[in-house]
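Heads up, the thing below is written out as structure tokens.
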Amino acid sequence: MSNTVIKVENLSKQYRLGLVGTGTLSHDLNRWWHLIRGKEDPYLKIGEVNNRAEKGNSKYVWALQDINFEVKQGEVLGIIGKNGAGKSTLLKLLSKVTAPSKGKICARGRIASLLEVGTGFHPELTGRENIYLNGTILGMTKHEVNHKLDEIVAFAGIERYLDTPVKRYSSGMTVRLGFAIAAHLEPEILIVDEVLAVGDAEFQKKAIGKMEEVSQKSGRTVLFVSHNMTSIKSFCSRCILLKDGNLSFNGMPNEAVSKYLGGAQPNLNHKKVALSHPEIEIQLVGIREKNKSYSHPLSMDSSIEIIIECVRKLSSNDRLDITLQFKDEEGKVVFPSSSAIWLKEVQNDFYTVGKLKFCCKIPPNFFNQGVFEMNLLIIRNQKVLIAKYESILSFTILPKEASYGSWMGRVRGVLLPKLDWVYKKSDS
Amino acid sequence: MNKISTKPGVEEKWDIIITPKKPLFELKLKEVWQYKDLLFLFVRRDIVAQYKQTILGPLWYFIQPILTTIMFTIVFGRIAKIPTDGLPPMLFYLAGITNWNYFAVCLSKVATTFRTNQGIFGKVYFPRLVTPLSIVISNMIQYGIQLLLFFGFYIYFALSGSAAQINMYALFFPILVILLAGLGLGFGLVITSLTTKYRDLVFLLQFGIQLAMYATPVIYPLSQIPERYQWIAVLNPMTAVIETFKYGFLGQGTFSWTYLAYSFSFMIVMLFLGIAIFNKTEKNFMDTV
Numbered sequence: 007m008s009n010t011v012i013k014v015e016n017l018s019k020q021y022r023l024g025l026v027g028t029g030t031l032s033h034d035l036n037r038w039w040h041l042i043r044g045k046e047d048p049y050l051k052i053g054e055v056n057n058r059a060e061k062g063n064s065k066y067v068w069a070l071q072d073i074n075f076e077v078k079q080g081e082v083l084g085i086i087g088k089n090g091a092g093k094s095t096l097l098k099l100l101s102k103v104t105a106p107s108k109g110k111i112c113a114r115g116r117i118a119s120l121l122e123v124g125t126g127f128h129p130e131l132t133g134r135e136n137i138y139l140n141g142t143i144l145g146m147t148k149h150e151v152n153h154k155l156d157e158i159v160a161f162a163g164i165e166r167y168l169d170t171p172v173k174r175y176s177s178g179m180t181v182r183l184g185f186a187i188a189a190h191l192e193p194e195i196l197i198v199d200e201v202l203a204v205g206d207a208e209f210q211k212k213a214i215g216k217m218e219e220v221s222q223k224s225g226r227t228v229l230f231v232s233h234n235m236t237s238i239k240s241f242c243s244r245c246i247l248l249k250d251g252n253l254s255f256n257g258m259p260n261e262a263v264s265k266y267l268g269g270a271q272p273n274l275n276h277k278k279v280a281l282s283h284p285e286i287e288i289q290l291v292g293i294r295e296k297n298k299s300y301s302h303p304l305s306m307d308s309s310i311e312i313i314i315e316c317v318r319k320l321s322s323n324d325r326l327d328i329t330l331q332f333k334d335e336e337g338k339v340v341f342p343s344s345s346a347i348w349l350k351e352v353q354n355d356f357y358t359v360g361k362l363k364f365c366c367k368i369p370p371n372f373f374n375q376g377v378f379e380m381n382l383l384i385i386r387n388q389k390v391l392i393a394k395y396e397s398i399l400s401f402t403i404l405p406k407e408a409s410y411g412s413w414m415g416r417v418r419g420v421l422l423p424k425l426d427w428v429y430k431k432s433d434s
Numbered sequence: 019m020n021k022i023s024t025k026p027g028v029e030e031k032w033d034i035i036i037t038p039k040k041p042l043f044e045l046k047l048k049e050v051w052q053y054k055d056l057l058f059l060f061v062r063r064d065i066v067a068q069y070k071q072t073i074l075g076p077l078w079y080f081i082q083p084i085l086t087t088i089m090f091t092i093v094f095g096r097i098a099k100i101p102t103d104g105l106p107p108m109l110f111y112l113a114g115i116t117n118w119n120y121f122a123v124c125l126s127k128v129a130t131t132f133r134t135n136q137g138i139f140g141k142v143y144f145p146r147l148v149t150p151l152s153i154v155i156s157n158m159i160q161y162g163i164q165l166l167l168f169f170g171f172y173i174y175f176a177l178s179g180s181a182a183q184i185n186m187y188a189l190f191f192p193i194l195v196i197l198l199a200g201l202g203l204g205f206g207l208v209i210t211s212l213t214t215k216y217r218d219l220v221f222l223l224q225f226g227i228q229l230a231m232y233a234t235p236v237i238y239p240l241s242q243i244p245e246r247y248q249w250i251a252v253l254n255p256m257t258a259v260i261e262t263f264k265y266g267f268l269g270q271g272t273f274s275w276t277y278l279a280y281s282f283s284f285m286i287v288m289l290f291l292g293i294a295i296f297n298k299t300e301k302n303f304m305d306t307v
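Now the structure itself:
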């Protein structure tokens, strides 16, 4: 018996962009006309590489293009890539939610996919009823659920709420219950999307522990998509990197992660903009490590500077300042910082027409790892807001290299500032 | 991970093969059977969840047809004075409406399967046919409850000496149920498959079902249609179903082996067509819905 459990050959998936409307009908008719004459779909010949940031000419894009890989039994395969690189499309094809445009997937054994926690939960039904419903949706038989019911309830820790409708649950409880059900599935192949990212740190640890148990103890295969590089590195035995719908790397997780991080950063950290205001024009907003290029990744323990280049258009007695608002992943403003407050002394040339470069310095060990966004505000005379540009720049702060593996997942919190700690032993 | 040497010459055998090629005609009933537990749980969910947090609960199953019947009795019986073949109007309308409702509910709910379930269909695979089947079955239970109501009235009118007479043709009842369910399911499957990409038909649906009711002898007997035009009414596969029901249970109406056989073959063709189109659509509908 060969021990390859999944084999993917020349897998491609094409999507049509834009709206479905009257115009689509002519394409459909044309496609159908080709089909009944036994010819190939004419629209499969066109299509562009899927790069969401660039404007393209074709309405057809390849979300995945000629993907080939194999997975052996007991392997934990990590799948990483930028947003829109085709990870979710690949998982959808593997879990039969949608069919490929070209190519073939062969698999051995039952595939259970966990693209979302608690799929099909009905809010009016009780926890117990939903365990049965969700379990059978995921492919268990009623008998199997009966068998596992106690384990599921214990793992989720919701004993008390078992006969309460799910709509009365807190969102955390719903997620716990959903994962508990999925974790007790016993498929030969388990496909997990980023669902785990929603829980708190404790839950994530528990979930990853459970998945490790599944793959190591029972020799089952896990396909795992995540943006958490630390868990990819520690949990996966192999990793593939998708880039614009193509398979760009297939091999050791460490290598894949560094390729991903190296490749994902450029162009992200600075932006040429032309935000024009009658009094001032912003030309460039950028963030970089001190004395490094903008394409260099930002690490938690390095000095970071934010550069804003602008042109003052009028000479007047009005002082013009920049305020930056830093936002976390959820879009909440974490803290602002303004030159109106901290830039105390300015020369006469601050008021005259010409190019101007602001620099805001952030000390090392200040941000926690994560994704941040910045709003840019222009302030007149240290009090009047005259313009606001939302989310002008987003950047990623990476963990320190040394901290990989020493801690699973990220520490909670948005900032992780270095504070001075001392202690003194006092003899009583 | 321990290394296992690959053995050439071993024929590769796969359990699952996913390709873009779709067979033209595929029923996949075996797969549905494997998911029978899910089917059962869906039915249960539909029934249990429907009347949660209502005070009257399942009583609504009775209230709705009674109100419709009373309305029809007033509008068509008293005001428009459409004859009911000498039967008590209440009984006549109830017989028509109960049966028609079952068909109409199956049709309209099945016809929106893809749209109402896109959330769950987009996240996990199971044979999609389970969902429309569960709709048909859970509504069959509602239909059964409404039939009880009909028989309640039936006994009441029988005791007060009405002309309604049950006869041997009432034994066709199980076939009539299959016809109602099969026609509702078949039409619904075709419509839901056609509307994933182009939603135009959706606008017609509710309106169309209402029109169809007036085109079917639900609130009037077939005998009211002039003989020359009756063949048009009979082309409608629902006509034979409603008429046979009325003939069997009320003793009035039209019964014809030909009409019934026509309806039955119509249902079989529609059902196969519906399932085939549905299975073809399910593979890619997530991209277009």
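Residue numbers (this note's numbering), protein chains in the order written: chain F, 7 to 434; chain V, 19 to 307. Quick reminder that beta carbons are idealized off the backbone N, C-alpha and C, glycines included.
Item to check | Coil, strand or helix - methionine 380/F by DSSP | outcome: Mapped onto the first sequence, residue 380/F falls at position 374. Correct three-state label for methionine 380/F: strand.
Checklist entry - By DSSP, does alanine 144/V sit in helix, in strand, or in coil? => result Sequence index remark: in the second sequence, residue 144/V carries index 126 (1-based). It is worth fixing the name first, because residue 144/V is phenylalanine in this sequence and not alanine. Correct three-state label for phenylalanine 144/V: coil.
Item to check | Three-way DSSP call (helix, strand, coil) for leucine 23/F in this model | outcome: On the first sequence, residue 23/F is found 17 positions in, with the first residue counted as 1. Coil.
Next on the checklist: For glycine 104/V and serine 211/V, what's the separation of their Cα atoms in angstroms?
Outcome noted: Here the question's residue 104/V lines up with position 86 in the second sequence. Here the question's residue 211/V lines up with position 193 in the second sequence. If I take the Cα positions, the gap works out to 43 angstroms.
Next on the checklist: When you compare the segment 71-88 of chain V with the segment 225-245 of chain V, are there three or more beta-carbon pairs, one atom per stretch, that lie closer than 8 angstroms?
Outcome noted: no
Checklist entry - Below 8 angstroms, can you find three or more Cβ-Cβ pairs linking the segment 72-81 of chain V to the segment 148-164 of chain V? => result yes
Next on the checklist: In this structure, how does DSSP classify isoleucine 209/V when only helix, strand and coil are distinguished?
Outcome noted: As a working note, residue 209/V is residue 191 in the second sequence. In the structure shown, isoleucine 209/V sits in a helix (DSSP, three-state: H, G or I).
Item to check | Simplified DSSP assignment, three categories, for glycine 109/F | outcome: Counted from its first residue, the first sequence places residue 109/F at position 103. Strand at glycine 109/F.
Item to check | Alpha carbon of asparagine 140/F to alpha carbon of phenylalanine 90/V, nearest angstrom | outcome: Within the first sequence, residue 140/F is the residue found at index 134, counting from 1. Within the second sequence, residue 90/V is the residue found at index 72, counting from 1. Straight-line Cα distance between these residues: approximately 43 angstroms.
Checklist entry - What is the rounded straight-line gap between the Cα of glutamate 379/F and the Cα of lysine 394/F? => result Translated into the one-based positions of the first sequence, residue 379/F becomes position 373. Translated into the one-based positions of the first sequence, residue 394/F becomes position 388. When rounded, the distance between both Cα atoms is 14 angstroms.
Checklist entry - Quick check: the segment 150-162 of chain V against the segment 196-209 of chain V, are there 3 or more CB pairs under 8 angstroms? => result yes
Checklist entry - What is the rounded straight-line gap between the Cα of tryptophan 413/F and the Cα of lysine 19/F? => result Residue 413/F sits at position 407 when you count from the first residue of the first sequence. Residue 19/F sits at position 13 when you count from the first residue of the first sequence. Low local confidence applies: a pLDDT of 45 at tryptophan 413/F is under 50, so the model's placement there is unreliable, and no value is given.
Checklist entry - Could you check where the beta strand (DSSP E) with proline 342/F kicks off and where it finishes? => result Within the first sequence, the letter at position 336 stands for residue 342/F. From DSSP, the beta strand (DSSP E) with proline 342/F extends over 339-344.
Checklist entry - Counting along the chain, where does the alpha helix (DSSP H) carrying glycine 114/V start and finish? => result Your numbering for residue 114/V matches position 96 in the second sequence. Element bounds for glycine 114/V: 107-128.
Checklist entry - Can we count phenylalanine 230/F as close to the ligand SAH, meaning its CB is less than 7 angstroms from some heavy atom? => result The ligand SAH is not part of this structure, which contains no ligands at all.
Checklist entry - Going by other Cβ atoms of all chains shown within 10 Å of its Cβ, with 16 needed for buried, is asparagine 152/F buried or exposed? => result In the first sequence, counting from the first residue as 1, residue 152/F sits at position 146. Its Cβ having fewer than 16 others within 10 Å, asparagine 152/F is exposed.
Checklist entry - By how many angstroms is the C-alpha of alanine 188/V removed from the C-alpha of threonine 262/V? => result As a position in the second sequence, residue 262/V is number 244, starting the count at 1. As a position in the second sequence, residue 188/V is number 170, starting the count at 1. Cα to Cα, threonine 262/V sits roughly 8 angstroms from alanine 188/V.
Checklist entry - Under the three-state reduction of DSSP, which class applies to lysine 249/F: helix, strand or coil? => result As a working mapping, residue 249/F is identified with position 243 in the first sequence. Strand at lysine 249/F.
Checklist entry - Looking only at its own chain, which residues have a Cβ that is under 7 angstroms from the Cβ of serine 107/F, when we skip the five neighbours before and after it? => result Taking the first residue of the first sequence as position 1, residue 107/F is located at position 101. Contacts found: Ser18, Lys19, Gln20 and Leu50.
Checklist entry - For the 8 angstroms Cβ check, are there 3 or more pairs between the segment 209-227 of chain F and the segment 248-260 of chain F? => result no
Checklist entry - Residues in its own chain within less than 7 angstroms of alanine 346/F by CB, not counting five upstream and five downstream? => result Your numbering for residue 346/F matches position 340 in the first sequence. Same-chain partners within the cutoff: Asp327, Thr329, Ile385 and Gln388.
Checklist entry - Which runs of the alpha helix (DSSP H) spanning at least 4 residues fall entirely within the segment 60-147 of chain F, listed in chain order? => result 93-100 and 133-143
Checklist entry - How about alanine 113/F and valine 11/F: do their beta carbons lie closer than 8 angstroms? => result Counting from one through the first sequence, the residue named residue 113/F turns up at place 107. Counting from one through the first sequence, the residue named residue 11/F turns up at place 5. Cβ distance < 8 angstroms, so alanine 113/F and valine 11/F count as in contact.
Checklist entry - Residue range of the beta strand (DSSP E) that valine 317/F falls in? => result Taking the first sequence and counting its residues from 1, one reaches residue 317/F at position 311. Residues 310-318.
Checklist entry - Who does threonine 10/F pair with in a DSSP beta bridge? => result Here residue 10/F corresponds to residue number 4 of the first sequence, with the count starting at 1. Lys78/F.
Checklist entry - Per DSSP, which one or two residues make a beta bridge with aspartate 324/F? => result Position 318 of the first sequence, counted from the first residue, corresponds to residue 324/F. The partner list for aspartate 324/F (beta bridge, DSSP) is empty, contrary to what the question assumes.
Checklist entry - Is threonine 358/F buried or exposed, if buried means 16 or more other CB atoms sit within 10 Å of its CB? => result Start at 1 with the first residue of the first sequence, and residue 358/F comes out as number 352. Counting Cβ neighbours within 10 Å, threonine 358/F comes out exposed, since fewer than 16 surround it.
Item to check | Given 8 angstroms, three or more beta-carbon pairs between the segment 30-45 of chain F and the segment 79-93 of chain F | outcome: no
Checklist entry - Where DSSP assigns a beta bridge to lysine 212/F, which residues make up the other side? => result Counting from one through the first sequence, the residue named residue 212/F turns up at place 206. DSSP output for lysine 212/F lists no bridge partner at all.
Next on the checklist: What does the alpha-carbon distance come out to for the pair glutamate 76/F and glutamate 150/F?
Outcome noted: The residue you call residue 76/F lines up with position 70 of the first sequence. The residue you call residue 150/F lines up with position 144 of the first sequence. Using only the alpha carbons, I get a separation of about 30 angstroms.
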